[in-house]
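Structure first, commentary second.
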Amino acid sequence: MNSPLPSAKGESGKQPKLTFKLDLQAYTLIIALVLIAVIFSIFTGGEFLSSRNISNLFTQMSVIAVLAIGMTLIIVAGHIDLSVGSLVGLLGGIAAILQVWHGWGTIPVIIVTVIAGALLGLWQGWWIAYRAVPAFIVTLGGMLVFRGILIGISKGQTVAPMNETFKQIGNSYLPYVLGYILAVISIALLIYGTYRNRFKRKQLGLVIPAGIIDYGKVSLYSFFILLATYMLNRYLGIPVPIFIVIVLAAIFIFISNKTAFGRYVYAIGGNQEAAALSGINIKWNTLWVFITMGALAGIGGILLTSRLNAATVSAGDMYELDAIAACVIGGTSLMGGKGRITGALIGALIMASIDNGMSIMNIEAFWQYIVKGLILILAVWVDISSKK
Amino acid sequence: MFALEMKGITKEFPGVRALDNVTFSVRKGEIHALCGENGAGKSTLMKILSGVYPHNSYSGQIYINGKEAEFKSIKESQEAGVGIIYQELALVEEMSVAENLFLSHDLMRQKIVNWNKIYSEAKKKLAEIGLNIDPQVKVGDLTVGKQQLVEIAKALTKKTEILILDEPTAALTESDVKVLINLLNDLRDQGVTCIYISHKLGEVLELADTVTILRDGKTISTELIKDMTEQKIVSKMVGRDLTELFPYEPHAIGRENVLEVIDYSFTDESGKKLISDVSFRLRRGEILGFSGLMGAGRSELFVSLFGGLKGKKKGSVLIEGTKKNITQPSNAIKHGMAYVSEDRKRYGLVLGMEITKNTTLAALNKVMKFKVIDAALEVKNATMVTDKMKLKAPNLETKVGQLSGGNQQKVVLSKWLMNNPKILILDEPTRGIDVGAKYEIYKIINELAKEGVGIVIISSELPEVMGMSDRIIVMSEGKITGEFLRAHATQEKIMTCATGGKQNEQSTSIG
Chain H
302 MNSPLPSAKG ESGKQPKLTF KLDLQAYTLI IALVLIAVIF SIFTGGEFLS
352 SRNISNLFTQ MSVIAVLAIG MTLIIVAGHI DLSVGSLVGL LGGIAAILQV
402 WHGWGTIPVI IVTVIAGALL GLWQGWWIAY RAVPAFIVTL GGMLVFRGIL
452 IGISKGQTVA PMNETFKQIG NSYLPYVLGY ILAVISIALL IYGTYRNRFK
502 RKQLGLVIPA GIIDYGKVSL YSFFILLATY MLNRYLGIPV PIFIVIVLAA
552 IFIFISNKTA FGRYVYAIGG NQEAAALSGI NIKWNTLWVF ITMGALAGIG
602 GILLTSRLNA ATVSAGDMYE LDAIAACVIG GTSLMGGKGR ITGALIGALI
652 MASIDNGMSI MNIEAFWQYI VKGLILILAV WVDISSKK
Chain W
5 MFALEMKGIT KEFPGVRALD NVTFSVRKGE IHALCGENGA GKSTLMKILS
55 GVYPHNSYSG QIYINGKEAE FKSIKESQEA GVGIIYQELA LVEEMSVAEN
105 LFLSHDLMRQ KIVNWNKIYS EAKKKLAEIG LNIDPQVKVG DLTVGKQQLV
155 EIAKALTKKT EILILDEPTA ALTESDVKVL INLLNDLRDQ GVTCIYISHK
205 LGEVLELADT VTILRDGKTI STELIKDMTE QKIVSKMVGR DLTELFPYEP
255 HAIGRENVLE VIDYSFTDES GKKLISDVSF RLRRGEILGF SGLMGAGRSE
305 LFVSLFGGLK GKKKGSVLIE GTKKNITQPS NAIKHGMAYV SEDRKRYGLV
355 LGMEITKNTT LAALNKVMKF KVIDAALEVK NATMVTDKMK LKAPNLETKV
405 GQLSGGNQQK VVLSKWLMNN PKILILDEPT RGIDVGAKYE IYKIINELAK
455 EGVGIVIISS ELPEVMGMSD RIIVMSEGKI TGEFLRAHAT QEKIMTCATG
505 GKQNEQSTSI G
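Taken in order, these protein sequences are the chains called H and W.
Residue 302 is where the first sequence starts when you use our numbering, and the numbers rise one by one after that.
Residue 5 is where the second sequence starts when you use our numbering, and the numbers rise one by one after that.
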């Protein structure tokens, strides 16, 4: 802070250090992921990276990934939601009861479940935003209330089986051709987006990273998109659940970066008092964060019930912790104001990989808990110490 | 006879040399002021002295009473008699005064704590510094001024020989400052050596014996106070001559009122009447100063007008002649009001966010197309407004938390100017900002007044209010107690009104 600083205009190319440093943090996650993949491949004799297993892995992580998307917003806003596991269980239960006991069609079931999720989110958000009860308490209460309601309305029974169409949601695959088409479209969007971004920044006289970094990244991402599509197509195609995750992620990345709501969530989490004096309606936005989380839990519940082809009273148990862990591993700060949805998705993938890899290795289940817990601590420690 | 000598101190941070061969010598029993702009290295130097930056993390030597000291921790420096009081107070608000005083004292480290002894000792310590408060009172219930004195008392519970005060009066009112100055004079008589860091040069001239001036991490000079004037110190601090501290420029004041407040009262949620029957008006292009002691209700008046406080309002508020009902900040913003708070880190900025995003926080609708934020437009607007503020930053994607106080304040101003306000309320606009940046902010205020913005400056620094305002309103205990035109205002008149004096009624009040 001592040296005279250059003017705010920032001549291009003056600060390559800054952008590089930021990227490094994103890369640690990817490096960790690659490391995990390599270790498990070695110990499972390549089974971990087989097409079939990658397909399974993605399908397994889908519910947590959907929850992690919403949880990122919640944590960024400076709150926490401990009820999402019970919420997923309850909403999955509602879906199953409507279909199995009352004979509803798949589409009305989906609509009603998502709306029910949003309403339960509204209930919790109202307590948190308008009655100023800490989110920790409200959602801890919700965790018990929702699980209780589930046990009550399902009379403690497993509700099954679902209709064939409902089963498809969690258990089917996109046709190969469609998979490749989507891969190509997303790569094209990636290249166009990067080009447009660079062009605009150049016009505005902003710092732009060297072309090789930007386009190198694009090539790397494109390679992974193609590789993943190829691997998945070698088995049965892109699983529908992961396709849903990608679509939701795209929507919420857009919301968080490009809409007033998204910006306000980050501002509220970063400094609530400053946000309030800037004319931001804290309560209203907080309420909507929880409504969103509820709706996403509805989608999570549908995916889970569909995959299991049943709703059980213990469905979604402990999912809240996996979702929170995914966010935190992905770099979301529990202090609020900081966090990215892509990070949370990678976090979810890391958590799922550990579960999956250890299962293939036939390691007893108790080890999975221990290892996941330790990784959570380790991830936060790395995050904190890298800031020093 | 030096109580403290620091020789050839050099401290480097990655990429920055914060201190460059600094020499700093303090005679025993004197009050030695340390002056310099923000970033000149004052705090770094004091952190070295107090062991925050341990020995070996810097080069150079420290001698205390002639003996070389190598502090590896804060504890070691405390044991050697160095006590430091930071700008941000380090008291536990939920604990009693006595508990705070003896928090790390031997009296607390007994197997069974003798509370009676602690309370009686605390009472004694407080009496020694002339502070008459109950040691069982919670620190959080005291005023900031009293807390500051408790902090000093705490330092004196250990055998402190060198007391360092970092901006002790930044948050104090004039009357609390008087108490503090008296106390420090007493301590000097008792032989305590004091290092006094302050931006308020008036206090430095009144209080200190000697002054050392740092600039850009180097010692510029050490002088006896009796040879110095405010102008001389400032020119050494900034390395150039500032022709005047307050660049007031006469400007045209419009006829129409941008803001008119009539018989306005405000009662907070707990039923406490903070503002009673306040009436005033602000003209287009006018700079209206609000003076008063801390707790006079100036901030509360404007925060409540801005819709930022919950409670009951009475009376009417007219903006550009039409009555407006403002219940939350977004209403106020819509009607052209802007409020720059007294605590920019708490109420003004999202420190972890980029400059660009901070500047558009209150005006996001201006950079959106079809409800979607247009990044290019956002950057364009941010660049425009920060250029006008002469903001100095590596680039607009720098996190606001990494900027200096003056530049942070410019970001807050940028945020509000993005809305082209008609009424700009500045609450302590230059608190904790160095002289150079202050001057630039005053310039900006003048500029805005010329453009026709009605400006309110709330300030606890009398010279600032008097130096910048066209008209000054004085408040005391939630009421307006005086009003003066620029030409008629004197420190004495303002202070009389601020302390609730009644003789102002026949004076220059112009209603």
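In this text, a Cβ means the ideal position worked out from N, Cα and C, and glycines have one as well.
- Counting only the Cα atoms, Ile-52(W) lies some 17 Å from Arg-219(W).
- DSSP places Leu-407(W) outside both helix and strand once states are collapsed to three, so it counts as coil.
- Inter-segment contact for the stretch 662-675 of chain H and the stretch 163-173 of chain W is absent: fewer than three beta-carbon pairs are separated by less than 8 Å.
- Under the DSSP assignment, Asp-378(W) falls outside any alpha helix (DSSP H); it carries neither an H nor an E label.
- Secondary structure within the stretch 604-636 of chain H: the alpha helix (DSSP H) runs of 4 or more consecutive residues, fully enclosed, are 620-630 (chain order).
- Under a criterion of Cβ atoms nearer than 9 Å, no residue of chain W is adjacent to Glu-621(H); the nearest Cβ is some 25 Å distant.
- Identification of residues in the stretch 362-374 of chain W having a C-beta nearer than 7 Å to some C-beta of chain H yields Leu-365, Ala-366, Leu-368, Met-372, given in sequence order.
- Assignment of alpha helix (DSSP H) within the stretch 466-532 of chain H, counting only whole runs of 4 or more residues, yields 477-504 in chain order.
- Contacts with chain W at 7 Å (Cβ-Cβ) do not include Leu-374(H).
- In the three-state scheme derived from DSSP, where H, G and I count as helix and E and B as strand, Gln-361(H) is classed as helix.
- Spatial neighbours of Arg-353(H) in its own chain (CB-CB distance under 8 Å, excluding positions within 5 residues in sequence) are listed in chain order as Tyr-536.
- Assigned with DSSP and collapsed to three states, Gly-456(W) falls in coil, not helix or strand.
- Runs of the alpha helix (DSSP H) lying entirely within the stretch 203-258 of chain W and spanning at least 4 residues, in chain order: 205-211, 234-242.
- The C-beta separation of Asn-261(W) from Leu-286(W) comes to about 7 Å, placing the pair in contact by the 8 Å criterion.
- Per DSSP, the continuous beta strand (DSSP E) segment holding Phe-294(W) begins and ends at 291-296.
- Rounded to whole angstroms, Ala-102(W) and Ala-94(W) show a C-alpha spacing of 14 Å.
- No Cβ-Cβ contact shorter than 7 Å links His-339(W) with Thr-214(W).
- Spanning the alpha carbons of Ile-581(H) and Ala-366(W) requires a straight line of approximately 8 Å.
- Rounded to the nearest angstrom, the Cβ distance from Ile-625(H) to Ile-337(H) is 19 Å, too far for a contact under 8 Å.
- Chain W places a beta carbon closer than 7 Å to that of Ala-561(H), counting this residue as a contact.
- Secondary structure of Val-344(W) (DSSP, three-state): strand.
- Residue-level contact check: Val-415(W) does not touch chain H, since none of the beta carbons of chain H fall below 7 Å from its beta carbon.
- Excluding the 5 residues flanking it on each side, Ala-369(H) has same chain C-beta neighbours closer than 6 Å at Ala-624, Ala-627, Cys-628, Ala-645, Ala-649, in chain order.
- Per the DSSP secondary-structure output, Ile-13(W) pairs in a beta bridge with Val-26(W).
- Here Val-548(H) is not near Ala-378(H), since their CB atoms are 7 Å or more apart.
- For Ala-568(H), the residues of chain W that pass the 9 Å Cβ criterion are Val-354, Met-357, Lys-361, Asn-362, Leu-365, in the order they occur in the chain.
- Here Ala-491(W) is exposed. Its C-beta has fewer than 16 other C-beta atoms within 10 Å.
- Identification of residues in the stretch 307-337 of chain W having a C-beta nearer than 7 Å to some C-beta of chain H yields Gly-312, Pro-333, Ser-334, Ile-337, given in sequence order.
- In the structure shown, Pro-409(H) falls within a helical segment according to DSSP collapsed to helix, strand and coil.
- For a Cβ distance threshold of 9 Å, residue set Gly-312, Gln-332, Pro-333, Tyr-351 of chain W lies close to Ala-577(H), ordered along the chain.
- With a cutoff of 7 Å on beta-carbon distance, Gln-400(H) and Asn-357(H) are scored as not near each other.
- Rounded to the nearest angstrom, the gap between the Cα atoms of Gly-40(W) and Gly-243(W) is 10 Å.
- Here the stretch 254-274 of chain W lies against the stretch 454-473 of chain W, with 3 or more beta-carbon pairs under 8 Å apart.
- Inclusion of Ala-612(H) and Gly-393(H) in the CB contact set at 7 Å is warranted, their separation being smaller than that value.
- If you check the CB distance, Ile-470(H) and Ser-607(H) come in under 7 Å.
- Taking C-beta atoms under 8 Å as the contact rule, Gly-571(H) and Gly-356(W) qualify, at a distance of about 5 Å.
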